[in-house]
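**Student:**
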Amino acid sequence: MTAEQPQGSEAPDDAAISGEQGGTARGPEGAAGAGAHLVLEARQLSRRFGPVVALDGVDLEVYEGAVTCVLGDNGAGKSTLIRILSGVHRPSSGTLLLDGRSVEIPSPRAARRLGIATVHQNLGIVPLMSIWRNFVLGAEPARGWGPLRRLDRTRARDEATTELARMGITVRDPDEPVGVLSGGERQSLAIARALHQGARVLILDEPTAALGVRQSALVLDRVIRARDRGTAVILITHNPEHALQVGDRFVVLARGRVTARRERGNTDREELSELMRGSPQ
Amino acid sequence: MRLLRRPELAAVGGAVLVWGVFAGVAGGAFTSPEATAAWLNASAPLGILAVAVALLMIAGEFDLSVGSLIGAAGMLLMVMVGPVGWSLWPAMAATFVFALAVGVANGLLVVRTGLPSFIVTLATLFILRGLAVGGSRAATGRTQLGGIREVEGFESARLLLASTPVGSVRAAVLWWLGCALVGMWVLRRTVFGNWILATGGDREAARNSGVPVDRVRITLFAVTAAAACLVAVIQAVQFGGADALRGQLFEFRAIIAVVIGGTLLTGGYGSVLGAVFGAVIFGMVQQGLVITGVDADWFQVFLGFMLLAAVLFNQVARRRLAGAG
Numbered sequence: 006m007t008a009e010q011p012q013g014s015e016a017p018d019d020a021a022i023s024g025e026q027g028g029t030a031r032g033p034e035g036a037a038g039a040g041a042h043l044v045l046e047a048r049q050l051s052r053r054f055g056p057v058v059a060l061d062g063v064d065l066e067v068y069e070g071a072v073t074c075v076l077g078d079n080g081a082g083k084s085t086l087i088r089i090l091s092g093v094h095r096p097s098s099g100t101l102l103l104d105g106r107s108v109e110i111p112s113p114r115a116a117r118r119l120g121i122a123t124v125h126q127n128l129g130i131v132p133l134m135s136i137w138r139n140f141v142l143g144a145e146p147a148r149g150w151g152p153l154r155r156l157d158r159t160r161a162r163d164e165a166t167t168e169l170a171r172m173g174i175t176v177r178d179p180d181e182p183v184g185v186l187s188g189g190e191r192q193s194l195a196i197a198r199a200l201h202q203g204a205r206v207l208i209l210d211e212p213t214a215a216l217g218v219r220q221s222a223l224v225l226d227r228v229i230r231a232r233d234r235g236t237a238v239i240l241i242t243h244n245p246e247h248a249l250q251v252g253d254r255f256v257v258l259a260r261g262r263v264t265a266r267r268e269r270g271n272t273d274r275e276e277l278s279e280l281m282r283g284s285p286q
Numbered sequence: 178m179r180l181l182r183r184p185e186l187a188a189v190g191g192a193v194l195v196w197g198v199f200a201g202v203a204g205g206a207f208t209s210p211e212a213t214a215a216w217l218n219a220s221a222p223l224g225i226l227a228v229a230v231a232l233l234m235i236a237g238e239f240d241l242s243v244g245s246l247i248g249a250a251g252m253l254l255m256v257m258v259g260p261v262g263w264s265l266w267p268a269m270a271a272t273f274v275f276a277l278a279v280g281v282a283n284g285l286l287v288v289r290t291g292l293p294s295f296i297v298t299l300a301t302l303f304i305l306r307g308l309a310v311g312g313s314r315a316a317t318g319r320t321q322l323g324g325i326r327e328v329e330g331f332e333s334a335r336l337l338l339a340s341t342p343v344g345s346v347r348a349a350v351l352w353w354l355g356c357a358l359v360g361m362w363v364l365r366r367t368v369f370g371n372w373i374l375a376t377g378g379d380r381e382a383a384r385n386s387g388v389p390v391d392r393v394r395i396t397l398f399a400v401t402a403a404a405a406c407l408v409a410v411i412q413a414v415q416f417g418g419a420d421a422l423r424g425q426l427f428e429f430r431a432i433i434a435v436v437i438g439g440t441l442l443t444g445g446y447g448s449v450l451g452a453v454f455g456a457v458i459f460g461m462v463q464q465g466l467v468i469t470g471v472d473a474d475w476f477q478v479f480l481g482f483m484l485l486a487a488v489l490f491n492q493v494a495r496r497r498l499a500g501a502g
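First to last, the sequence lines map onto chains X and E.
Just so you know, we're using our numbering here: the first sequence kicks off at 6 and counts up by one.
Just so you know, we're using our numbering here: the second sequence kicks off at 178 and counts up by one.
1) Reducing DSSP to helix, strand and coil, say where F54 (chain X) ends up.
2) Any idea what DSSP makes of P111 (chain X), helix, strand or coil?
3) Do you know how far the Cα of A237 (chain X) is from the Cα of T85 (chain X)?
4) Which whole-angstrom value describes the C-beta separation of F427 (chain E) and G312 (chain E), a residue pair presumed to lie in contact below a C-beta threshold of 8 Å?
5) From the DSSP output, read off the bridge partner residues of R155 (chain X).
6) Just mark P96 (chain X) as buried or exposed, buried being the case when its beta carbon has 16 or more other beta carbons within 10 Å.
7) How would you list, in chain order, the residues of chain X whose beta-carbon sits under 9 Å from the beta-carbon of G439 (chain E)?
8) In three-state DSSP terms, what is D240 (chain E)?
9) Which chain E residues are close to R155 (chain X), counting only those with a beta carbon under 7 Å from its beta carbon?
10) Take G417 (chain E) and list the residues in its own chain whose beta-carbon comes closer than 6 Å to its own, dropping the five residues that flank it on each side.
11) What separation, rounded to the nearest whole angstrom, lies between the Cα atoms of W150 (chain X) and G455 (chain E)?
12) Closer than 7 Å between beta carbons: that is the criterion. Which residues of the segment 383-401 of chain E meet it against chain X?
13) Check whether chain X comes within 8 Å of N371 (chain E), counting only Cβ atoms and requiring the distance to be less than that.
14) How is V124 (chain X) classed by DSSP in three states: helix, strand or coil?
15) If you measure between the beta carbons of V230 (chain E) and I411 (chain E), is that distance less than 8 Å?
16) I130 (chain X) by DSSP, collapsed to three states: which one?
17) Mark Q492 (chain E) as exposed unless 16 or more other C-beta atoms lie within 10 angstroms of its C-beta, in which case mark it buried.
18) Does the segment 208-219 of chain E come close enough to the segment 459-468 of chain E that 3 or more CB-CB pairs lie under 8 Å?
19) Which of the three DSSP states, helix, strand or coil, is assigned to P212 (chain X)?
20) According to DSSP, simplified to helix, strand and coil, what is S98 (chain X)?
21) L76 (chain X): buried (16+ other C-beta within 10 angstroms of its C-beta) or exposed?
22) So, with DSSP's three-state summary, where would you put E276 (chain X)?
23) Please compile the residues from chain X whose C-beta is within a distance smaller than 8 Å of the C-beta of G378 (chain E).
24) Beta-carbon of L240 (chain X) versus every beta-carbon of chain E: anything under 8 Å?
25) Check each residue of the segment 143-154 of chain X: if its Cβ is closer than 8 Å to any Cβ of chain E, include it; give the result in chain order.
26) What separation, rounded to the nearest whole angstrom, lies between the Cα atoms of V343 (chain E) and V359 (chain E)?
27) List the residues of chain X whose Cβ lies closer than 7 Å to the Cβ of G445 (chain E), in chain order.
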């Protein structure tokens, strides 16, 4: 199992540069405004748990082929926001629009059907299962009819190997257990799987939180690749540095409200850290 | 490394070792076709059960009620063909329906309450055994019922379930072989098999990936109960009747066979073929001790050491292949 780039720690710089070029191509400010397609939109999203207001009138726009970073400290409402978008919680009020049409997301299964895939912190990966079995889990290719309908193992192995290669992970043997992969490679596998299963909106919950520098670089490079394939990426993080390396747009949450919005090029690490700490802007 | 990845390695090795020891000590008395048929026949009931229990344990659940269910299903069958007066085939069908209901009930209780299946099925173990003894005593005044040979439909049932189609090898061995092949195919070659592995490996991850983990578990409880029922029906036809106490300790023997076969107690990893060889070891030791004239008490001692050795070996093998993970 080897990652594609040998340099490893250089990757984030490359990633940042390629990201910037991407941004320029779409036009700096806006990216958003003019060309890109608005895939998912949340309007005045609120969620209460009893007396606690976890989310209070949040607006969020998520564009095709762009990385939207949601930043915030613990308890800012990030988890509640992604749980609503991935169908775990229902909003108390507010609307969700997919391709401009109002949608309900009653369950994680429904979210997946709408093309919204979430890579949770626990990844949804089963360590003792082989790489290919994990890769096709929940969307297994099958062939045959009736009671003889069976797992298409050749296709499953091929899918796993080629899709992982597309994400820059060379798999020596897809029959090896996922346990042999590094943390960053497991994250990458989860991302590749979500994309392969048809995700248009990819929600990544703190994908670099438990990783070292090299492994984080690997994962951020995958985020860029996902974006370049036209996916709308929502990156949840409390690391402004990682956000800046891949992000096109930045939304800062504090105490359930959006306290700031920035775009690539008109903010920096100091400002984002400051905003996350909750200083008045 | 490739070989170490096979979970059934210890069970196959253990079976070869046990065979070698008895063949060395007893010679032709153990290796003759007659003796081979004898240990195959002795392994078959446990083997049928072990196939289903392996799938259930790989999905991360236990069923301690299978032994009691063998007793209860056998008695139910005999009460229906005796006092109730049904002929054999409808009674067998009804017994299967009852067993499936027990399995689904086990599954629903586990899934709905979130309690460990170990505890839930420990409760059904006592309930079923009590029902088998108390129910048959209330209905017939006895806990052993015979006379199945006079029931309408017995000849065809005997042919299918208790004849000796190959030499002295009983039909039960062929049923066992069939169950094992289907079990191996399901686990390794079907989508449902992938769900079994994922459900036992990490239930939350499986659920997040869209696997219907509750349906998987309920189905496997039902399959396990059906396997216990098959054993009960075969034994009733073969022995000419049923005993409310039949199947005692089968739940533990099945778990031991499955664990010797390389399945993790925590689920997510294991092998049907391993469970088959685990059951083979049971039958060989049982018959081998009879043939060599060693006191059967030593069976338990051997079993304990065998279990310990297999589990230790499997642990080492798995650490090697999963690395730190």
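Ideal Cβ placement from N, Cα and C applies to all residues, glycine included.
**Tutor:** The short version:
1) Locating residue 54 (chain X) in the first sequence gives position 49, where the first residue counts as 1. Of the three classes helix, strand and coil, the one that applies to F54 (chain X) here is strand, per DSSP.
2) By one-based count along the first sequence, residue 111 (chain X) stands at place 106. Here P111 (chain X) sits in coil by DSSP.
3) If you number the first sequence from 1, residue 85 (chain X) lands on position 80. If you number the first sequence from 1, residue 237 (chain X) lands on position 232. If you take the alpha carbons of T85 (chain X) and A237 (chain X), they lie about 19 Å apart.
4) Position 250 of the second sequence, counting from 1, holds the residue named residue 427 (chain E). Position 135 of the second sequence, counting from 1, holds the residue named residue 312 (chain E). Actually they do not touch by this definition, with Cβ atoms about 19 Å apart.
5) What you label residue 155 (chain X) is simply residue 150 of the first sequence in a count that begins at 1. Its beta-bridge partners are X:R148.
6) By one-based count along the first sequence, residue 96 (chain X) stands at place 91. Under this definition P96 (chain X) is a buried residue.
7) The count along the second sequence starts at 1 and reaches residue 439 (chain E) at position 262. Chain-order list of chain X residues neighbouring G439 (chain E): empty, with the shortest C-beta distance near 12 Å, by a criterion of under 9 Å.
8) Mapped onto the second sequence, residue 240 (chain E) falls at position 63. Reduced to three states, the DSSP call for D240 (chain E) is coil.
9) Your numbering for residue 155 (chain X) matches position 150 in the first sequence. Within chain E, the residues near R155 (chain X) are R366 and T367.
10) Along the second sequence, read from residue 1 onward, the residue named residue 417 (chain E) stands at position 240. Excluding sequence neighbours, G417 (chain E) sits near G323, I325 and R326.
11) Translated into the one-based positions of the first sequence, residue 150 (chain X) becomes position 145. Translated into the one-based positions of the second sequence, residue 455 (chain E) becomes position 278. Whole-angstrom Cα-Cα distance: 33 Å.
12) A383, N385, S386, G387 and V388
13) The residue given as residue 371 (chain E) occupies position 194 in the second sequence. True, the Cβ-Cβ gap to chain X drops below 8 Å.
14) In the first sequence, residue 124 (chain X) corresponds to position 119, counting from 1. Three-state DSSP puts V124 (chain X) in a strand.
15) Along the second sequence, read from residue 1 onward, the residue named residue 230 (chain E) stands at position 53. Along the second sequence, read from residue 1 onward, the residue named residue 411 (chain E) stands at position 234. No, these two residues do not count as a Cβ contact at 8 Å.
16) The residue given as residue 130 (chain X) occupies position 125 in the first sequence. It is coil, neither helix nor strand.
17) By 1-based counting over the second sequence, the position of residue 492 (chain E) is 315. By the 10 Å Cβ count, Q492 (chain E) comes out exposed.
18) yes
19) Stepping through the first sequence from its first residue, residue 212 (chain X) is reached at position 207. DSSP, read as helix, strand or coil, puts P212 (chain X) in coil.
20) On the first sequence, residue 98 (chain X) is found 93 positions in, with the first residue counted as 1. Here S98 (chain X) sits in strand by DSSP.
21) Position 71 of the first sequence, counted from the first residue, corresponds to residue 76 (chain X). Buried.
22) The sequence position of residue 276 (chain X) within the first sequence is 271, counting from 1. Note: E276 (chain X) maps to helix in three-state DSSP.
23) Numbered from its first residue, the second sequence carries residue 378 (chain E) at position 201. Per Cβ cutoff of 8 Å: V131, P132, L133 and M134.
24) As a working mapping, residue 240 (chain X) is identified with position 235 in the first sequence. For L240 (chain X), the answer is no, since every Cβ of chain E falls outside 8 Å of its Cβ.
25) G143, A144, E145, A147 and R154
26) Sequence index remark: in the second sequence, residue 343 (chain E) carries index 166 (1-based). Sequence index remark: in the second sequence, residue 359 (chain E) carries index 182 (1-based). For V343 (chain E) and V359 (chain E), the distance between alpha carbons rounds to 21 Å.
27) By one-based count along the second sequence, residue 445 (chain E) stands at place 268. Simply V131 and L133.
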